[in-house]
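K.L.:
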Amino acid sequence: MKNSYKIIVVFYLLNFTINEISAQNNTESSSKTKSITLLIPQLNELIDSALVYNGMVNYRKLEIEAKESNLKYKRQYWTTNFGVQADTRYGTFNNFSTVSGDNSTVNLASNTQQLNYNIGLYLKIPVFDVINRKSQIKQAKAELEQARSLAKSQEDELRELVIRYYEDLLLKQNLLELRASNLGNAKVNMEMVEKEFKNGLIAISEYVRISDMTSRIAAEFEEAKSNFMVSKKLLENLVGIQIL
87 MKNSYKIIVV FYLLNFTINE ISAQNNTESS SKTKSITLLI PQLNELIDSA LVYNGMVNYR
147 KLEIEAKESN LKYKRQYWTT NFGVQADTRY GTFNNFSTVS GDNSTVNLAS NTQQLNYNIG
207 LYLKIPVFDV INRKSQIKQA KAELEQARSL AKSQEDELRE LVIRYYEDLL LKQNLLELRA
267 SNLGNAKVNM EMVEKEFKNG LIAISEYVRI SDMTSRIAAE FEEAKSNFMV SKKLLENLVG
327 IQIL
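Quick note on numbering: the sequence shown equals residues 87 to 330 in the numbering used here.
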């Protein structure tokens, strides 16, 4: 009697478990459809978007602009050594003049309000600037080429990273499809085993084994789905667009 009671309890527990798994599988199947049917853009589109969106690439571009401006300044710096200078003054000025005659000289002093202005050209020849001008221009050119090389290297690294993330997403999508297919097959198999168990065609041990196998397949599906979503989010964050 006790053995019969235990069998009944085990049966109801297993029946509850399989019903729960079936409900879970229905939810997973719906979730699977939403997750797998993504409109993933072409690889070239993702790379172009990443090159526009990436902060480090934009920083390298701004650095190139700064180096170009610096080179232009070095080339034009010599023009600061000559120019036109003018000044204007208005106020009361003390004027002193001397008038000379045949036999005498008269000194005249007066205070007058007047406007004075001066205009002139100036030219400076700093020896240091003359000697080092060629060296400074050469250094500015080297810094510009260095900035361009760093920018190209940054873009190449970003392209490689987008390619890796893109291929990883495709791989995770394929794995998820396989896990979903396995889960669907396991679900159908579990339903058949459940019917056979209820009809007394298989032993409890076989029922438990199939139930455990179905649970492991469901867990593998959840893991594949999680990996797929992580891969999707990483690619979205890298390229700056949402993949639906």
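Idealized CB from N, CA, C, for every residue including glycine. Please read all numbers here as calculations on a predicted model, not as lab measurements.
Just to confirm my understanding: we take E282, look at its own chain, exclude 5 residues before and 5 after, and list those with CB closer than 6 Å. What are they?
P.N.:
As a first step, residue 282 is located in the sequence shown; it is residue number 196 there, counting from the start. I288.
K.L.:
Can you check which of these residues, A136, E131, L124 and P127, is closest to E243 by C-alpha distance?
P.N.:
If you number the sequence shown from 1, residue 243 lands on position 157. Per the Cα distances, A136.
K.L.:
Report the option in N268, K160, S297 and N323 whose CA atom is closest to the CA atom of V248.
P.N.:
Your numbering for residue 248 matches position 162 in the sequence shown. Answer by Cα proximity: N323.
K.L.:
Can you say whether Q259 is buried or exposed, counting buried as having 16 or more other CB atoms within 10 angstroms of its CB?
P.N.:
Within the sequence shown, numbered from 1, the residue matching residue 259 stands at position 173. With 16 or more other Cβ atoms within 10 Å, it is buried.
K.L.:
Looking only at its own chain, which residues have a Cβ that is under 6 Å from the Cβ of S317, when we skip the five neighbours before and after it?
P.N.:
In the sequence shown, counting from the first residue as 1, residue 317 sits at position 231. Cβ within range, chain order: D254, L255 and K258.
K.L.:
Give the straight-line distance between the Cα atoms of V216 and D173, rounded to the nearest whole angstrom.
P.N.:
On the sequence shown, residue 216 is found 130 positions in, with the first residue counted as 1. On the sequence shown, residue 173 is found 87 positions in, with the first residue counted as 1. Taking the straight line joining both Cα atoms gives about 29 Å.
K.L.:
Touch check for the segment 291-310 and the segment 265-272: three-plus C-beta pairs under 8 Å?
P.N.:
Counting Cβ pairs under 8 Å, three or more are found: they touch.
K.L.:
Just to confirm my understanding: we take F168, look at its own chain, exclude 5 residues before and 5 after, and list those with CB closer than 6 Å. What are they?
P.N.:
Counted from its first residue, the sequence shown places residue 168 at position 82. Correct list, in chain order: L209.
K.L.:
What three-state label does DSSP hand L287 in the structure shown?
P.N.:
Along the sequence shown, read from residue 1 onward, the residue named residue 287 stands at position 201. DSSP places L287 in coil when its eight states are reduced to three.
K.L.:
Among the candidates E231, S301, L320 and S291, whose CA atom is the shortest distance from the CA of Y251?
P.N.:
Here residue 251 corresponds to residue number 165 of the sequence shown, with the count starting at 1. Per the Cα distances, L320.
K.L.:
Does the count of Cβ pairs from the segment 123-133 and the segment 211-230 closer than 8 Å reach three?
P.N.:
No, the segment 123-133 is not in contact with the segment 211-230.
K.L.:
Apart from the five residues just before and just after L124, which ones in its own chain have a Cβ nearer than 8 Å to its Cβ?
P.N.:
Residue mapping note: residue 124 aligns to position 38 of the sequence shown, counting from 1. Only Q259, K318, I329 and L330 meet the Cβ criterion.
K.L.:
Got a sec? Which residues, its chain only, sit under 8 Å from E149 by beta carbon, not counting five neighbours each side?
P.N.:
As a first step, residue 149 must be located in the sequence shown, where it is residue number 63. Hits under 8 Å: A233, L236 and A237.
K.L.:
Check whether the Cβ atoms of I296 and V279 sit closer than 9 Å, and answer yes or no.
P.N.:
Translated into positions along the sequence shown, residue 296 becomes position 210. Translated into positions along the sequence shown, residue 279 becomes position 193. Contact: yes.
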